[in-house]
Every structure is written in C-alpha cells, then in structure tokens.
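A.B. asks: Following this message is one structure expressed as structure tokens.
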Amino acid sequence: MKFDPGFKITPTSAPLGFQYGQRVFGPQVENRTLDSIRKNLRDPNCTGPDIVYSIAMDVGCEEDREEIVKRNLLYGAVTYAKGNLGEEPVRSQGHVHAVSPSCGMSTCEVYEIWSGAAYIYMQETTRDFPGRCYAVLAYPGEVVVVPPNWAHCTIVADITKNMSFGAWCVRDFGFDYSGVRSHGGVAWFPIVKDNNIIFQKNDSYQTEECVVKRPRRYSDLGIEAGKPIYTQFQENPDRFLFVSNPKLADWEHFVP
277 MKFDPGFKIT PTSAPLGFQY GQRVFGPQVE NRTLDSIRKN LRDPNCTGPD IVYSIAMDVG
337 CEEDREEIVK RNLLYGAVTY AKGNLGEEPV RSQGHVHAVS PSCGMSTCEV YEIWSGAAYI
397 YMQETTRDFP GRCYAVLAYP GEVVVVPPNW AHCTIVADIT KNMSFGAWCV RDFGFDYSGV
457 RSHGGVAWFP IVKDNNIIFQ KNDSYQTEEC VVKRPRRYSD LGIEAGKPIY TQFQENPDRF
517 LFVSNPKLAD WEHFVP
C-alpha cells in the first residue's frame, strides 16, 4: 500500500479482499458484483469486472475491539477493482446512510484512502433537486468526510490501479438505496474521457453544478492530517464519537 493504515491489513487483488496480520480481526469479505449494481449505472447493460469491490466490515486490532464496540463504532475496509463499467470508471452504486436505531439519525462516514485514488462523490439529497453536489478527489493518506443524510458513492479515480480505503462508521449501520435507484443513479455520472474523469449530469435530477475539489482539513472535527485515522482512535478513543452520535458535530453548513 501507499499509505500505512495503522494496523496490519493488506489489500489483495487475486481475488479482491484483504489479508489480516497477527492480532488483527476481520470477517470474510462480501463481494459486490456488477450485476448487483447495474440499476444505478449510466449504462445498466455495460461490461466490466464481475467483482466490482470487496468489503470487510468490522476490522481492527484485537486489543482495540472492546473500546470500538463500547463507542458503537465500526471500522470498515473496502478494495475496488481497476477498470471501467462501460464509459464509467469502477464505482459503487450510491446510497444514503439509513437512520441508525442507536442514535435515531442518519450518520456520517470518515474515509481514508490507502492506495490508488478515489473520488468521493456526494449530494445533499436524493430528491429531484439534489442540492449541493461535490466530487472530492483524494489520494493515499487523505481523509474525506461524508455528512449524515447525504447520498454518496465511491469512484476509482485512476482506472489503471485497484483502490482501497478504510472508514469509520456507526456499528448499527444501514443503507438506503431507494432514492438513488428511483433516479437511475446519483445526480452526476463519472465518465472516463481521454484518460481523465469528467462528471456528466443525470437528467433525472434538476441540478446545474458538480463542484470538483480536493479534500479540506477537518480540524473542526478533531481530525489530524497525515496520521492514520485508526491510530488517531487508538490515541483518543473518543475522537470519532461524532460518527456514532452525529449531534456532537455541526453539519448545517458542512463543506467536504
């Protein structure tokens, strides 16, 4: 990997997945196939990798497990195949975080890119007018935060390389795909053109702009730049309580 995630976990490519080091816990990965995400793609009949990405929800060091569970947090890891899905780069289908019973709210997610490059795309709502739309380009070691209630998807920004990331999320997570699926995808489709990625409007929405930007620093959320977010939890287990209890942060004027 290009960035040390702070514990012993290694993405694999054949097959997609992860290897766990000594004293690291983690599940057998769940695979998302191309057939399972077709409804949210620009071209539902496109060709591409059969396994688009592999997910390992709930990974970490054995000695940290109790503190993670106590705070209702979960650390997930995802690795994506390189390549295209028709004209689009490999990507996820898009969803909103469902209301978590533990806090009675939709929750945020804190991404950290480990290898490759990613666009974290997000929009305020899945209504016809989706509000603000952002595509945040991140490289290894960089963090992107998606706020509660926003629809979002993860996009491979360099289609020549697999992409992997880790993320803090709430333990009783859930995904709502209904709004995205009712519009045939998110409000802006990523399109590969001349080895670059551009964003093309989904005509199912009333929107005029997708802001493409780099990540900002999240000092307002207590996140330190350049240090693995897993290590930051180890140093201060309460640092990411705003993930499992969104009321601890101000999301009204959030900019990614």
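Numbering-wise (my numbering), the sequence shown opens with residue 277 and increments by one. For every residue, glycine included, the Cβ atom is placed at its ideal position computed from N, Cα and C. Small disclaimer: the values here were computed from a predicted structure and weren't measured.
Among residues of its own chain, excluding the 5 on either side of Asp434, which ones have a beta-carbon nearer than 6 Å to its beta-carbon?
C.D. replies: Once the five neighbours on either side are set aside, the close Cβ partners of Asp434 are Gly392 and Ala393.
A.B. asks: Nearest by alpha-carbon distance to Ala411: which of Asp404, Ala427, Tyr494 and Tyr356 is it?
C.D. replies: Among Asp404, Ala427, Tyr494 and Tyr356, the Cα nearest to that of Ala411 belongs to Ala427.
A.B. asks: With a floor of 3 residues, list each beta strand (DSSP E) that falls wholly inside the segment 424-450, ordered by position along the chain.
C.D. replies: Qualifying beta strand (DSSP E) stretches, in chain order: 427-432 and 439-446.
A.B. asks: Tell whether a beta-carbon distance below 8 Å holds between Ala374 and Asp280.
C.D. replies: No, the pair does not count as a contact, with Cβ atoms beyond the cut-off.
A.B. asks: Below 8 Å, can you find three or more Cβ-Cβ pairs linking the segment 463-479 to the segment 376-389?
C.D. replies: Flag = no, the segment 463-479 and the segment 376-389 do not touch.
A.B. asks: Quick one: any contact between the segment 482-490 and the segment 321-331, if contact means 3 or more CB pairs under 8 Å?
C.D. replies: Because the criterion of three Cβ pairs below 8 Å is not met, the segment 482-490 and the segment 321-331 do not touch.
A.B. asks: Where does Tyr533 sit, in a helix, a strand or coil, going by DSSP?
C.D. replies: It is not possible to answer for residue 533, since the shown part of the chain is limited to 277 through 532.
A.B. asks: Are there 16 or more other CB atoms within 10 angstroms of the CB of Arg493, so buried, or fewer, so exposed?
C.D. replies: When all chains shown are included, Arg493 counts as exposed.
A.B. asks: My parser needs the beta strand (DSSP E) runs of 3 or more residues fully inside the segment 307-370; what are they?
C.D. replies: DSSP runs (the beta strand (DSSP E)) wholly in the segment 307-370: 327-333 and 349-356.
A.B. asks: Comparing C-alpha positions only, which one of Gln510, Asn438, Leu497 and Gly407 sits nearest to Pro416?
C.D. replies: With distances taken between Cα atoms, Pro416 lies closest to Asn438.
A.B. asks: Decide if Glu385 is buried, meaning its Cβ has at least 16 other Cβ atoms within 10 Å, or exposed.
C.D. replies: Answer is buried; the Cβ neighbour count reaches 16.
A.B. asks: Would you report the Cα separation of Gly362 and Tyr397, rounded to the nearest angstrom?
C.D. replies: If I take the Cα positions, the gap works out to 19 Å.
A.B. asks: Can you tell me which of the three DSSP states Lys477 falls into?
C.D. replies: DSSP places Lys477 in strand when its eight states are reduced to three.
A.B. asks: Assuming Tyr397 is part of the beta strand (DSSP E), what are its boundary residues?
C.D. replies: Per DSSP, Tyr397 belongs to the beta strand (DSSP E) from Ala394 to Gln399.
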